[in-house]
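Notes to accompany the following structure.
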Amino acid sequence: MSEGTRVLVLNAGSSSVKYQLIDMLDGTRLASGLVERIGESGGRLVHTPRSGLKRESLQVFPGHDAALKAVAEELAADGVGLDSPELAAIGHRVVHGGKRFTVPTLITDEVLTEIRRLIPVAPLHNPANITGIEVARDLRPDLPQVAVFDTAFHASMPEYAARYAIDRAVADEHRVRRYGFHGTSHQYVSRATAALLGKDPAEVNVIVLHLGNGASASAVSGGVCVDTSMGLTPLEGLVMGTRSGDVDAGVVFHLHRVGGMSIDEIDDLLNRRSGLLGLCGDNDMREIMRRAEEGDADARLAFDTYIHRLRKYIGGYYAVLGRVDAIAFTAGVGENAAPVRAAATAGLAELGIAVDAELNSIRSGEARVISPEYARVTVAVVPTDEELEIAQQTFALVHSAV
Ligand code: ADP
72 MSEGTRVLVL NAGSSSVKYQ LIDMLDGTRL ASGLVERIGE SGGRLVHTPR
122 SGLKRESLQV FPGHDAALKA VAEELAADGV GLDSPELAAI GHRVVHGGKR
172 FTVPTLITDE VLTEIRRLIP VAPLHNPANI TGIEVARDLR PDLPQVAVFD
222 TAFHASMPEY AARYAIDRAV ADEHRVRRYG FHGTSHQYVS RATAALLGKD
272 PAEVNVIVLH LGNGASASAV SGGVCVDTSM GLTPLEGLVM GTRSGDVDAG
322 VVFHLHRVGG MSIDEIDDLL NRRSGLLGLC GDNDMREIMR RAEEGDADAR
372 LAFDTYIHRL RKYIGGYYAV LGRVDAIAFT AGVGENAAPV RAAATAGLAE
422 LGIAVDAELN SIRSGEARVI SPEYARVTVA VVPTDEELEI AQQTFALVHS
472 AV
């Protein structure tokens, strides 16, 4: 067993790889970076060493193996290479763990085969995650490699929340159920929210609103997820940057039968050309707020639709939880967009929910409370840190295996 204290976290997407090297003794980021446009022209690697002085290299990365080798070289140039004895393990973000993987899992050939079997329910994500694992195993076959699943935290949802009300035999045959995503973030943020309240996670009920380009809400009761807004795929739920979130499934039949669109075209429409982008032509909340402020009606409608959906989930999860101790806003929009937080919680004093305008306007990278002292429900901004969570889960698993 390695004596190392460092964990390399890899998040391999279809054309990108994000990475962070974290020292688990104190959570120090020894390096982080991003490789973009893998398999395309105009590839780019941006590497940030501990000093913070970014290095950028523009080159073609024909595949994930070339990208990860370039990352390994950058790390070696900083004296923190993959061959260093301090490296204890590599933690991989894997999007879909299906029903089988509900905890972080040491990767073996058998586990990899199982992750491959889940490709039909995560065709966009799992193949890239698998490639990342394979390349990392080639680079360091002796090192423990751990898969941390985006779906895992939601595996605790009761059956009635995980089921769609469709024919059970059909659903079971095709593994159609609500899995949920962003689980690592919901888990990290719900725990960090409890810490902010000075309480044990087992004591608190939290509604977590992860509002990034992708967005999801979850209801967490005593540290356990009891409902979440994404489903079989990350398309369900909130209005997102380019995804529609909830739509009547009849929309799909209508667009196919009456609109003459193919299933692939509808998939593209709902996943990549809908949400905020579809409503107003922009998917960046900063730009939408700026346009709405200037009186642009499309941007205003996009903002209002986004907020309306968010409020429906806050109300829904309030009822699911029965008692809410905290509402936590996180990710790009949740951490930065004060007007979104204000609008999402406005007029809910009857539910014990209020936001203090001054506290809400403070910009900070720290977890912080933005509700007034008298409010029954604590509203908080809690920056997410999925990489740290993956590193912690990876390190804990490797050490429990000693
Ligand atoms: P991803 O889902 O890609 O990880 P992030 O959590 O990084 O997304 O969030 C990205 C989104 O955050 C951007 O699309 C943008 O809309 C939003 N965002 C970032 N900074 C701000 C800001 N200062 N104000 C409003 N929105 C912001």
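Counting from 1 along the sequence shown, just add 71 to a position and that's the residue number in the numbering used here. We put the CB at the ideal spot given by N, CA and C, even for glycine. The structure presented is a predicted model; accordingly, all values stated were derived computationally and were not measured.
LYS89 - partner residues in DSSP beta bridges
ASN82, LEU105
Would you say MET301 touches the ligand ADP, meaning its beta carbon is less than 7 Å from a heavy atom?
no
Comparing C-alpha positions only, which one of SER128, PRO215, PHE224 sits nearest to ARG171?
PHE224
Judging by CA-CA distance, which residue of GLY169, SER122, VAL174, ARG208 is the nearest neighbour of GLY150?
SER122
Touch check for the segment 79-95 and the segment 185-200: three-plus C-beta pairs under 8 Å?
Yes: at least three Cβ pairs fall under 8 Å.
At the level of alpha carbons, what is the spacing between ARG328 and GLY321?
10 Å
Compute every distance between the C-beta of GLY349 and the non-hydrogen atoms of the ligand ADP, then say whether any falls below 7 Å.
no
So, at 7 Å on beta carbons, what are the nonlocal neighbours of VAL426 in its own chain, with the 5 sequence-adjacent residues on each side left out?
Counting only Cβ-Cβ distances below 7 Å, and skipping sequence neighbours, we find ARG412, ALA413, THR416, ILE441, SER442, VAL450.
Any idea what DSSP makes of ILE201, helix, strand or coil?
Residue state, collapsed to three classes: helix.
Exposed or buried, SER471, counting other C-beta atoms within 10 Å across all chains shown (16 or more means buried)?
exposed
Cβ-based burial, PHE324 [other Cβ within 10 Å; buried from 16]
Per the 10 Å Cβ criterion, exposed.
What I want to know is whether the C-beta of ASN342 ends up closer than 7 Å to one or more non-hydrogen atoms of the ligand ADP.
Flag unset: Cβ of ASN342 not near the ligand ADP.
For VAL142, which residues in the same chain have their Cβ closer than 8 Å to its Cβ, ignoring the five residues on either side in sequence?
VAL88, TYR90, GLY104, VAL106, LEU116, HIS118
How big is the Cα-Cα spacing for GLY152 and GLU145?
8 Å
Do THR401 and VAL448 have their CB atoms nearer than 8 Å?
Inclusion of THR401 and VAL448 in the CB contact set at 8 Å is not warranted, their separation being larger than that value.
According to DSSP, HIS135 sits in a beta bridge with which residue or residues?
Answer is none; HIS135 lacks a bridge partner.
Neighbourhood of the ligand ADP [Cβ distance below 7 Å to any heavy atom], ordered by chain position:
GLY283, ASN284, GLY285, GLY312, ASN354, ASP355, MET356, ARG357, MET360, ALA402, GLY403, VAL404, ASN407, ALA408
Cross-strand partners of ASP94 (DSSP beta bridge):
Residue pairing of ASP94 in beta bridges, as defined by DSSP: ARG77, THR99.
Of the listed residues VAL174, SER155, LEU158, GLU157, nearest to ARG164 (C-alpha basis)
VAL174
On the three-state DSSP scale, how would you describe GLN130?
coil
Measuring CB to CB, does ASP338 end up less than 8 Å from LEU350?
ASP338 is not a Cβ neighbour of LEU350, given a cutoff of 8 Å.
Cβ atoms of LEU392 and ASN18: under 8 Å apart, would you say?
The first residue shown for the chain is 72 and the last is 473, placing residue 18 beyond what the model contains.
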